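Chemist: Residue numbers for the sequence shown follow our numbering, so the first one is 21 and each next one is one higher.
Glycine is no exception: its CB is placed at the ideal position from the N, C-alpha and C atoms.
Here the structure is a predicted model, which is why all the values come from computation and not from measurement.
Next up is a structure, given as structure tokens.
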Amino acid sequence: MSIPASEAGFRRARAWWALARLYPMWRELIAAFPDIPMEPPRSRYRELTRRDMNAELQLDRWVHDVADAIEKLWHHVPDDLMAAAREKAAHGAVAQAYWIKAALAAKAGGAPPGPVAAFEQPAAVDQAGEVAWLRQVARTYRKSSTAQVQSLLTTAEEDA
């Protein structure tokens, strides 16, 4: 077995693992903004067993889909939501996960589009760094509760 072939296999496996971890957050963001992806999302099983697309390319598309959805969410939240999320979280990825979940709840609750709200995201040096960051965000996103999200929205709306 050659080293380059092993590296390629390892990269594909890492991309597949990242897709598996990002799927729940990606799916909910895409459900909120179905016009973002090139094609409608499939079930987790079908997305993770695709044969028509390389896992690395699929991951790249998902990273862009998530960024586009977050950008659209900026228009559906109170401006103080990020500050409230940072106040409740000890880590930036946790604050971002809370912000995303609360923003989706606000949009689902009928928050009309408005001016762009404040949002912070660290600049990624490369795709690997961005994927690592999104995996941290997705981990907290999966674990966050409806009560945490409602509390965050209430705090942000009171501060506005």
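1. What residue from Q147, A126 and H96 has the CA that sits closest to F134's CA?
2. Tell me whether the beta-carbon of K92 lies closer than 8 Å to the beta-carbon of F53.
3. Hey, how far is the Cα of D80 from the Cα of Q147?
4. Distance, Cα to Cα, A103 vs D179?
5. In three-state DSSP terms, what is V157?
6. Jot down the residue ranges of each uninterrupted alpha helix (DSSP H) in the region 119-176, minimum 4 residues, whole runs only, in chain order.
7. Considering Cα atoms alone, identify which of E150, K163, T175 and S165 is closest to A35.
8. Measure the C-alpha to C-alpha separation of D100 and E59 and round it to an integer number of angstroms.
9. Spell out a yes or no on whether the region 119-129 and the region 151-171 are touching, meaning 3 or more CB-CB pairs, one atom from each, closer than 8 Å.
10. Per the contact definition of three or more C-beta pairs closer than 8 Å, is the region 102-117 in contact with the region 66-83?
11. Is it buried or exposed, V114, if we count other Cβ atoms within 10 angstroms and call 16 or more buried?
12. Under a Cβ-count criterion, where at least 16 other Cβ atoms within 10 Å of its own Cβ denotes burial, should L42 be classed as buried or exposed?
13. Once the 5 residues before and after E177 are set aside, which same chain residues still bring their CB inside 7 Å of it?
Modeler: Quick look at the numbers:
1. Within the sequence shown, numbered from 1, the residue matching residue 134 stands at position 114. Inspection of the sequence shows that residue 134 is occupied by Gly rather than by Phe. G134 has its Cα closest to that of H96, out of Q147, A126 and H96.
2. Here residue 92 is taken as the residue at index 72 of the sequence shown, counted from 1. Here residue 53 is taken as the residue at index 33 of the sequence shown, counted from 1. Cβ atoms of K92 and F53: closer than 8 Å.
3. As a first step, residue 80 must be located in the sequence shown, where it is residue number 60. As a first step, residue 147 must be located in the sequence shown, where it is residue number 127. Going by the C-alpha atoms only, they are around 8 Å apart.
4. In the sequence shown, counting from the first residue as 1, residue 103 sits at position 83. In the sequence shown, counting from the first residue as 1, residue 179 sits at position 159. Going from the Cα of A103 to the Cα of D179 covers about 10 Å.
5. Taking the sequence shown and counting its residues from 1, the one referred to as residue 157 is at position 137. V157: helix per DSSP, three-state reduction.
6. 147-163
7. Residue 35 sits at position 15 when you count from the first residue of the sequence shown. When each option's Cα is compared against that of A35, the closest is E150.
8. Counted from its first residue, the sequence shown places residue 100 at position 80. Counted from its first residue, the sequence shown places residue 59 at position 39. So the two alpha carbons sit approximately 33 Å from each other.
9. yes
10. no
11. For the purposes of this step, residue 114 is taken as residue 94 along the sequence shown, with counting starting at 1. Label assigned to V114: buried.
12. In the sequence shown, counting from the first residue as 1, residue 42 sits at position 22. It is buried - the Cβ of L42 has at least 16 other Cβ atoms within 10 Å.
13. Within the sequence shown, residue 177 is the residue found at index 157, counting from 1. Cβ within range, chain order: P98.
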